[in-house]
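S.K.: Here it is: the structure, laid out below.
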Amino acid sequence: MRRIHVGNALSAFGLGFTVPYLYVYVAQVRGLGAVTAGLVLAVFAVAALIVLPFAGRAIVRRGPLPVLLAALVTAALGALSLGLAGNAIAVLTAAAALGAGQAVMQPALATMIVDCSTAETRSRAFATQFFLQNLGLGVGGLIGGHLVDTTRVSSFTLLFAIEAAMFLLLAVVLSTVRLPRAPQVGDAPQAAGGSWRRLLGNRAMVQLCVLGFVLFFACYGQFESGLAAYGVEAAGISTSALGTALAANTAMIVVAQFAVLKFVERQKRSRVIAAVGLIWAVAWVVAGYAGLGHGSREMATAAFVSTYALFGLGEAMLSPTVAPLVADLAPTGLAGQYNSAFALVKQLALAVGPAVGGPMGASLHAPYIVTFLLFSLGITYLALRLGRQLTAVQDQPWLARKRVVARGGAVAEPVAAEA
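All you need for this note's numbering is the position in the sequence shown, starting with 1, plus 2.
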């Protein structure tokens, strides 16, 4: 587990080098224009949507480690090619490879964490993963910002080379991992082939996917699109203040992650998610004040930074809650399929969110705030409804652990069941 976390932090560190500067690199440094830069971002999403349905079955049949190693090599080649690409076709091809590799990493790493954890340690494991991801992205972005020079293509080539090196280093670290033998369904073709039907027949998982789509659409899908546009256009936020707001989001996650963990892991998961919906509703109200309250520029900036910080608090509560719940809903041997399905829902939300929120945040200021305030309240409703579909152990694993300890028995991992 320690090696998995170290490798995960390295990959996030590499991504932090390039993600904030990708648009500038394609549009300005390579001189390919805003349209090509926009297509690159779209290619990332399309590549993920194409490969994720196949990634789940591959993880189920072959195991997460071989799939992850293949994804890392693909992403490394894509990153290195992107740093060397000089025309639109080469840039888009490299972006497709990088996007596909990054997309497959998510469910493969999540499945490895599931295989190396128990129901009692899983929440802390996913919280640690999320903490290290944000820390790696923040540190990578900070260092990358001091290395880039928009007048020198070679500075960006160096960034993409570092990103590729981080992916390859992660591959080397994880190739030494010996995973516990997890139940596999690779010898049962009918079970693997019907895994999507089993997933769609699992009402709790379907409801969790709907809830996940709303979560990522109403929060993550707005960070660098609709909410940023709203802050600049409605609240008059400067670009430096926008950077401060993003830093406040990351700082809140880093500071609050383990502070909220002990509280969160003892509560019902459905109620924790419902509470996040209420926190985000407050965040949208604060954002509304920033842009529509007609206060001073300083007050608007403070409110806008607070909005991002509140979103970070919600994210810290979700990281030890949602991913372990996906794992606990998966039947034996199908954790990879369920992780891939949830990653696919996430990618859909991240593709649709900016497309809807960007134009609204830039021009329809009040409707934008009201719309996403309602989406946040919808999260609370969907979470409470999901709670009725979960077993007591799925909704509150800590309760089962307390009962076992009270009887003097050994703590055992409950068997994942279909709801």
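No residue lacks a Cβ here, since even glycine has one placed at the ideal position from N, Cα and C.
Using the C-alpha atoms, what's the distance from Arg299 back to Ala343?
M.R.: 43 angstroms
S.K.: Measuring straight from C-alpha to C-alpha, what distance separates Ala11 and Ser177?
M.R.: 16 angstroms
S.K.: Does the region 88-103 come close enough to the region 313-332 to have 3 or more Cβ pairs within less than 8 angstroms?
M.R.: Counting Cβ pairs under 8 angstroms, fewer than three are found: no touch.
S.K.: Please return the same chain residues whose Cβ sits closer than 7 angstroms to the Cβ of Pro466, not counting the five positions on each side in sequence.
M.R.: Nothing about residue 466 can be reported from this structure: the residues present for the chain run from 3 to 421 only.
S.K.: In whole angstroms, what separates the C-alpha of Gln339 from that of Trp198?
M.R.: 8 angstroms
S.K.: Assuming Ile239 and Ala289 are in contact, meaning their beta carbons sit under 8 angstroms apart, how far apart are those beta carbons, in whole angstroms?
M.R.: Ile239 to Ala289, Cβ: 10 angstroms. No contact.
S.K.: For Ala412, does the three-state DSSP call read helix, strand or coil?
M.R.: The predicted model places Ala412 with a pLDDT of 44, which falls under 50 and marks its position as unreliable; any figure quoted below should be read in that light. DSSP places Ala412 in coil when its eight states are reduced to three.
S.K.: Measuring straight from C-alpha to C-alpha, what distance separates Ala292 and Ala261?
M.R.: 28 angstroms
S.K.: Using the three-state DSSP reduction, which class does Lys270 fall into: helix, strand or coil?
M.R.: coil
S.K.: Are Gly65 and Met168 closer than 8 angstroms when you measure CB to CB?
M.R.: no
S.K.: Return helix, strand or coil for Phe133, following the three-state DSSP convention.
M.R.: helix
S.K.: If you run the structure through DSSP and keep just helix, strand and coil, what is Pro68?
M.R.: Helix.
S.K.: Give me the Cα-Cα distance between Leu54 and Ala236, rounded to the nearest whole angstrom.
M.R.: Note on geometry: alpha-carbon atoms of Leu54 and Ala236 lie some 37 angstroms from one another.
S.K.: Residue range of the alpha helix (DSSP H) that Thr1 falls in?
M.R.: In the structure as shown, the chain begins at 3 and stops at 421. Residue 1 is therefore absent and cannot be evaluated.
S.K.: Taking DSSP as the reference, what is the three-state secondary structure of Leu336?
M.R.: coil
S.K.: Report the three-state DSSP secondary structure of Met254 (helix, strand or coil).
M.R.: helix
S.K.: Taking the alpha helix (DSSP H) that Gln391 belongs to, which residues open and close that run?
M.R.: Run containing Gln391: none; DSSP gives neither H nor E here.
S.K.: Nearest to Ala206 by CA position, among Ile281, Leu217, Thr393, is which residue?
M.R.: Of the residues Ile281, Leu217, Thr393, the one whose Cα lies closest to the Cα of Ala206 is Thr393.
S.K.: Secondary structure at Val21, three-state DSSP: helix, strand or coil?
M.R.: helix
S.K.: Could you tell me how far apart the beta carbons of Ile275 and Ile381 are, in whole angstroms, since I believe they sit closer than 8 angstroms?
M.R.: 7 angstroms
S.K.: Write down the C-beta distance between Val179 and Ile6 rounded to the nearest angstrom, noting that I regard them as a contact closer than 8 angstroms.
M.R.: Under the criterion of beta carbons closer than 8 angstroms, Val179 and Ile6 qualify as touching, at roughly 7 angstroms.
S.K.: Determine the extent of the alpha helix (DSSP H) in which Val324 is found, giving its start and end residues.
M.R.: 324-331
S.K.: Thinking Ala311 and Asn251 are a contact (beta carbons under 8 angstroms), I'd like their distance in whole angstroms, please.
M.R.: 6 angstroms
S.K.: Measure the C-alpha to C-alpha separation of Ala190 and Ala81 and round it to an integer number of angstroms.
M.R.: With a pLDDT of 40 at Ala190, under the threshold of 50, the modelled position of that residue is not reliable, and no figure is offered here.
S.K.: Out of curiosity, what's the CA-to-CA distance linking Gln104 and Gln135?
M.R.: Computed Cα separation, rounded: 13 angstroms.
S.K.: Note down, in chain order, each residue of its chain lying with its Cβ closer than 6 angstroms to the Cβ of Ala14, except the 5 sequence neighbours on either side.
M.R.: Scanning its chain for C-beta atoms nearer than 6 angstroms, with the 5 sequence neighbours on each side dropped, one finds around Ala14 the residues Gln135, Gly138, Leu139, in chain order.
S.K.: Would the beta-carbon of Val45 fall within 8 angstroms of that of Gly223?
M.R.: no
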